[in-house]
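Q:
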Amino acid sequence: MCSLAEEALRLVAEFRGRYAVGGLTAEPGALSMSSPQKVYEEMRHLGLLRQEQLWVLVLDRKYRVLERVMVYQGTAWTVQVRNAELLRPAIVAGASAIVLVHNHPSGDADPSADDVEMTKKLREACEIMSIEFLDHVVIGRGCWASLVERGLMPKGGS
188 MCSLAEEALR LVAEFRGRYA VGGLTAEPGA LSMSSPQKVY EEMRHLGLLR
238 QEQLWVLVLD RKYRVLERVM VYQGTAWTVQ VRNAELLRPA IVAGASAIVL
288 VHNHPSGDAD PSADDVEMTK KLREACEIMS IEFLDHVVIG RGCWASLVER
338 GLMPKGGS
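Laid out in structure tokens, this is it:
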């Protein structure tokens, strides 16, 4: 038996599959986020911020950027996260994939235990929603870490 939240996610995924028409399309020449290095190059400005920000890169099936959405802005140490808020931009856009990106204002890009746990929960939600979760990239000052490359998240999305 599944929880009410799991059932709600399943129904939204079914609705999305049946009724999503069109959605956003990538602009000609849109960047492909096919590697964490490209994600860092696109979002490196986050490394200069004094507050933590959490962004979702909303991607089409060729991993081209449809939208960049700042979902949360927190304090210098933390940001509170809800999976529904993280997935909303992808669902609305009819996206095929997402990349999660956030900064550590300390400048250290090493993923925290909370980062790993958040990634695990979001991955589960993405699987239910049939949205490919490609990576979670943490940005520090002049550096970055990919949870996929660190072996903290399975490669190949959801």
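The numbers in the working numbering rise by one with no breaks, and the one at position 74 of the sequence shown is 261.
Beta carbons: idealized from backbone N, C-alpha and C, even for Gly.
If you follow the alpha helix (DSSP H) that Q224 is part of, which residue opens it and which one closes it?
A: P223 to M230
Q: Rounded to a whole number of angstroms, what is the C-alpha to C-alpha distance between S283 and V245?
A: 8 Å
Q: Distance, Cα to Cα, D322 vs C330?
A: 16 Å
Q: With a threshold of 16 other CB atoms inside 10 Å of the CB of R251, please say whether the residue is buried or exposed.
A: R251 comes out buried.
Q: Whose C-beta lies closer than 8 Å to the C-beta of Q240 among residues of the same chain, with five residues either side of it excluded?
A: Result list for Q240: L233, M257, Y259, Q260, G261, V266, H289 and N290, in chain order.
Q: Let me know if A271 comes out buried or exposed under the rule of 16 or more other beta-carbons within 10 Å of its beta-carbon.
A: When all chains shown are included, A271 counts as exposed.
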